[in-house]
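Trainee:
In this note's numbering, the protein residues as written are 9 to 493.
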């Protein structure tokens, strides 16, 4: 009779490990999940760049991503280099075109880009003056550049740590650019009662400051993450609060009522989302919850009390014109900022009726405003209005009802795809709240201004939309063993 031979020691060890893994495997969970805003928010790890590419092309793409994110609002030349680099390497590396072509967001982006290109080519040859033709070409290319959010989404790769990092780099670049534009030689107390427009137009500066403040509030757990020692946590919270106070001060210094209103709308939505999540998640210990709240409340109290007169002046200015508009009397509106916007909307309706389907061409609103000769209603001091001061009216004016519907469909597809990723739990709750609050802010802000084809808006669009879409794109196209870092 043969004696059964015992397995060797390595084989025994492998068998024990396999058996232990089998017996300790957790039970499968249900495929249905709670909406992400009702799920407990785990402690967010510290922000760390995930730079571990395995080839030179990946390194180049990630370098372009981080350079663009940091210099987007700090320096146009390095930002352009970064955007070109990440886009070129995307075209070289990307090989999932068929899967991308089946995605509604990509299809609508392509449809909108083709519509703008064809529409602008036809308009270019049919415009009655060379100035109008040149405006069409200059603005059409900027509209098409907005589609570069797809290459950025590829490099963001749907990774929360990388998304948080590029958004933080963008906000850091904006903050540094603001400090660089301050005249420190003449800096004194009067600075805090003067409208700040040395960097960007005041309403645009207010937009970035307000969005930055909301972003810090929505993603605060990334800064408040539990650290090994208490002093490190306090240092992180203090730096976060100082950064938040700087951005809130910038929002007030912009003296932009449109940005203030958009900020309040986004803040209300954020509070509602936080309240809803708080009802379904374990409460944070009091000793960890109250110190940051008191710190933020103190900062807000100092800022608001120091600039109460400026806020009151801006909120009570031009109320007579606003009451006249609310009453329905828009025939002879005063040509102040409120009245000019009302007159611009009336001009839009008039011109839209002439070409309701396809509009007047990219970037042509200023030329048609000047051609109208209505100096009493469409001239700001001695200059014609540069645009219609409303992004929705501008899109309708330039591309007609067809173009506006395509733009709305693209935004809706982006919102829906991001919402689906949030409900599926592939996005952390803080990023879901950030993207939703940003959407509310921008929807309100676009009622009062138009900067779609300006470099600062393009940076914002490519960075924020690319970050949100990266989670959907990663699900569609990321193969096993992906090496984008």
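Cβ atoms here follow ideal geometry from the backbone N, Cα and C, with glycine treated the same way. Every value quoted in this text rests on a predicted model; they were computed, and no experiment measured them.
Here's a check: name, in chain order, each residue in its chain whose Cβ is nearer than 6 Å to the Cβ of residue 155, leaving out the five neighbours to either side.
Mentor: Looking up residue 155 in the chain shown gives position 147. Within the same chain, residue 155 has close Cβ partners 117 and 121.
Trainee: Whole alpha helix (DSSP H) runs in the region 366 to 441 with 4 or more residues, listed along the chain?
Mentor: The qualifying runs are 373 to 380, 383 to 386 and 399 to 431.
Trainee: For residue 257, which of helix, strand or coil comes out of DSSP?
Mentor: Within the chain shown, residue 257 is the residue found at index 249, counting from 1. Residue state, collapsed to three classes: helix.
Trainee: Go ahead and pull the three-state DSSP assignment for residue 232.
Mentor: Start at 1 with the first residue of the chain shown, and residue 232 comes out as number 224. DSSP places residue 232 in coil when its eight states are reduced to three.
Trainee: Counting C-beta neighbours from all protein chains within 10 Å, is the total for residue 146 16 or more, i.e. buried, or is it exposed?
Mentor: As a working note, residue 146 is residue 138 in the chain shown. It counts as exposed.
Trainee: Are the CB atoms of residue 93 and residue 72 within a distance shorter than 8 Å?
Mentor: Stepping through the chain shown from its first residue, residue 72 is reached at position 64. Stepping through the chain shown from its first residue, residue 93 is reached at position 85. Against a cut-off of 8 Å, the Cβ pair of residue 93 and residue 72 comes out as a contact.
Trainee: For residue 397, which option in 375, 454, 208 and 200 has the closest C-alpha, if you only look at C-alpha atoms?
Mentor: Here residue 397 refers to the residue found at position 389 of the chain shown. Of the candidates 375, 454, 208 and 200, the one whose C-alpha sits nearest the C-alpha of residue 397 is 454.
Trainee: Do you know offhand how far residue 354's Cα is from residue 103's?
Mentor: The residue labelled residue 354 in the question sits at position 346 within the chain shown. The residue labelled residue 103 in the question sits at position 95 within the chain shown. Those two C-alpha atoms are separated by around 48 Å.
Trainee: Could you say which of 241, 413, 243 and 199 lies nearest to residue 257 if we only look at CA atoms?
Mentor: Along the chain shown, one-based indexing puts residue 257 at 249. Of 241, 413, 243 and 199, the residue nearest in Cα terms is 199.
Trainee: So, helix, strand or coil for residue 158, using DSSP?
Mentor: For the purposes of this step, residue 158 is identified with residue 150 of the chain shown, where counting begins at 1. Here residue 158 sits in helix by DSSP.
Trainee: Name the residue from 245, 356, 163 and 211 whose alpha carbon lies nearest to the alpha carbon of residue 227.
Mentor: Within the chain shown, numbered from 1, the residue matching residue 227 stands at position 219. Comparing Cα positions, the closest option is 245.
Trainee: Measuring CB atoms only, is the region 419 to 428 touching the region 377 to 387, in the sense that at least three cross pairs come out at less than 8 Å?
Mentor: Counting Cβ pairs under 8 Å, fewer than three are found: no touch.
Trainee: Need the endpoints of the alpha helix (DSSP H) that residue 479 sits in, please.
Mentor: Taking the first residue of the chain shown as 1, we reach residue 479 at position 471. Here the alpha helix (DSSP H) through residue 479 covers 463 to 485.
Trainee: State buried or exposed for residue 403, treating a residue as buried only when at least 16 other CB atoms are found within 10 Å of its CB.
Mentor: Within the chain shown, residue 403 is the residue found at index 395, counting from 1. So residue 403 ends up on the buried side.
Trainee: Ends of the alpha helix (DSSP H) at residue 147?
Mentor: For this step, residue 147 is matched to residue 139 along the chain shown. That run of the alpha helix (DSSP H) goes 138 to 153.
Trainee: Under 8 Å, do residue 352 and residue 401 count as touching if we go by C-beta distance?
Mentor: Counting from 1 along the chain shown, the entry for residue 352 is found at position 344. Counting from 1 along the chain shown, the entry for residue 401 is found at position 393. Yes, these two residues count as a Cβ contact at 8 Å.
Trainee: Report the three-state DSSP secondary structure of residue 169 (helix, strand or coil).
Mentor: Along the chain shown, read from residue 1 onward, the residue named residue 169 stands at position 161. Three-state DSSP puts residue 169 in a helix.
Trainee: So within the region 319 to 361, which uninterrupted beta strand (DSSP E) runs reach at least 3 residues, ignoring any that extend past its ends?
Mentor: None, since the region 319 to 361 contains no complete beta strand (DSSP E) of that length.
Trainee: Evaluate residue 248 with the Cβ neighbour count: other Cβ atoms within 10 Å of its Cβ, from every protein chain shown; 16 or more gives buried, anything less gives exposed.
Mentor: As a first step, residue 248 must be located in the chain shown, where it is residue number 240. Classification for residue 248: buried.
Trainee: Which full runs of the alpha helix (DSSP H) of 4+ residues lie inside the region 71 to 124, going along the chain?
Mentor: The qualifying runs are 84 to 101 and 105 to 109.
Trainee: Is the CB-CB distance between residue 405 and residue 373 below 8 Å?
Mentor: Sequence index remark: in the chain shown, residue 405 carries index 397 (1-based). Sequence index remark: in the chain shown, residue 373 carries index 365 (1-based). Against a cut-off of 8 Å, the Cβ pair of residue 373 and residue 405 comes out as a contact.
Trainee: On a CA-only basis, which of 231, 203 and 243 is nearest residue 260? Give me that one, please.
Mentor: Here the question's residue 260 lines up with position 252 in the chain shown. Residue 260 has its Cα closest to that of 203, out of 231, 203 and 243.
Trainee: How many whole angstroms separate the CB atoms of residue 277 and residue 448, which I take to be in contact at a CB cut-off of 8 Å?
Mentor: Position 269 of the chain shown, counted from the first residue, corresponds to residue 277. Position 440 of the chain shown, counted from the first residue, corresponds to residue 448. Right, the Cβ-Cβ distance comes to about 5 Å (below 8 Å), so this counts as a contact.
Trainee: Can you name the start and end residues of the alpha helix (DSSP H) that residue 216 belongs to?
Mentor: As a working mapping, residue 216 is identified with position 208 in the chain shown. 210 to 226 is the span of the alpha helix (DSSP H), which, as asked, contains residue 216.
Trainee: Residue 282 to residue 443, Cα distance in whole Å?
Mentor: To locate residue 282, count along the chain shown from 1; it is residue 274. To locate residue 443, count along the chain shown from 1; it is residue 435. So the two alpha carbons sit approximately 14 Å from each other.
Trainee: Tell me which same chain residues have a C-beta within less than 7 Å of the C-beta of residue 408, skipping the five on either side of it?
Mentor: Against the chain shown, residue 408 aligns to sequence position 400. Around residue 408: 363, 364, 365, 366 and 367.
Trainee: Under a three-way DSSP split, which group does residue 198 fall into?
Mentor: Residue 198 sits at position 190 when you count from the first residue of the chain shown. In this structure, residue 198 counts as helix in the three-state DSSP scheme.
Trainee: Just the Cα atoms here: how many angstroms apart are residue 77 and residue 90?
Mentor: Taking the first residue of the chain shown as 1, we reach residue 77 at position 69. Taking the first residue of the chain shown as 1, we reach residue 90 at position 82. Cα-Cα distance, rounded: 8 Å.
Trainee: Please state whether DSSP places residue 252 in a helix, a strand or coil.
Mentor: As a working note, residue 252 is residue 244 in the chain shown. In the structure shown, residue 252 sits in a helix (DSSP, three-state: H, G or I).
Trainee: Since I believe residue 438 is in contact with residue 127 (beta carbons under 8 Å), could you give me their beta-carbon distance rounded to a whole number of angstroms?
Mentor: Locating residue 127 in the chain shown gives position 119, where the first residue counts as 1. Locating residue 438 in the chain shown gives position 430, where the first residue counts as 1. Wrong, their Cβ atoms sit about 39 Å apart, outside the cutoff.
Trainee: Between the Cα of residue 284 and those of 129, 191, 441 and 216, spot the shortest distance and give me the residue it belongs to.
Mentor: Position 276 of the chain shown, counted from the first residue, corresponds to residue 284. Closest by alpha carbon: 441.
Trainee: Rounded to whole angstroms, how far is the Cβ of residue 479 from the Cβ of residue 211, which I believe are closer than 8 Å?
Mentor: In the chain shown, residue 479 corresponds to position 471, counting from 1. In the chain shown, residue 211 corresponds to position 203, counting from 1. Between residue 211 and residue 479 the Cβ distance is about 31 Å, and since that is not below 8 Å, they are no contact.
Trainee: How far does the alpha helix (DSSP H) with residue 279 in it reach, from first residue to last?
Mentor: In the chain shown, the residue the question calls residue 279 occupies position 271. Unbroken alpha helix (DSSP H) run through residue 279: 265 to 287.
Trainee: Measuring only the C-alpha atoms, how far is residue 223 from residue 215?
Mentor: In the chain shown, the residue the question calls residue 223 occupies position 215. In the chain shown, the residue the question calls residue 215 occupies position 207. One C-alpha to the other measures close to 12 Å.
Trainee: Since residue 471 contacts residue 160 with CB under 8 Å, what's their CB separation in whole angstroms?
Mentor: What you label residue 471 is simply residue 463 of the chain shown in a count that begins at 1. What you label residue 160 is simply residue 152 of the chain shown in a count that begins at 1. Correct: roughly 7 Å between the Cβ atoms.
Trainee: Grab me the residues of residue 107's own chain with a C-beta within less than 6 Å of its C-beta, minus the 5 sequence neighbours each way, in chain order.
Mentor: Residue mapping note: residue 107 aligns to position 99 of the chain shown, counting from 1. So the list reads 484 and 485, once near-sequence residues are dropped.
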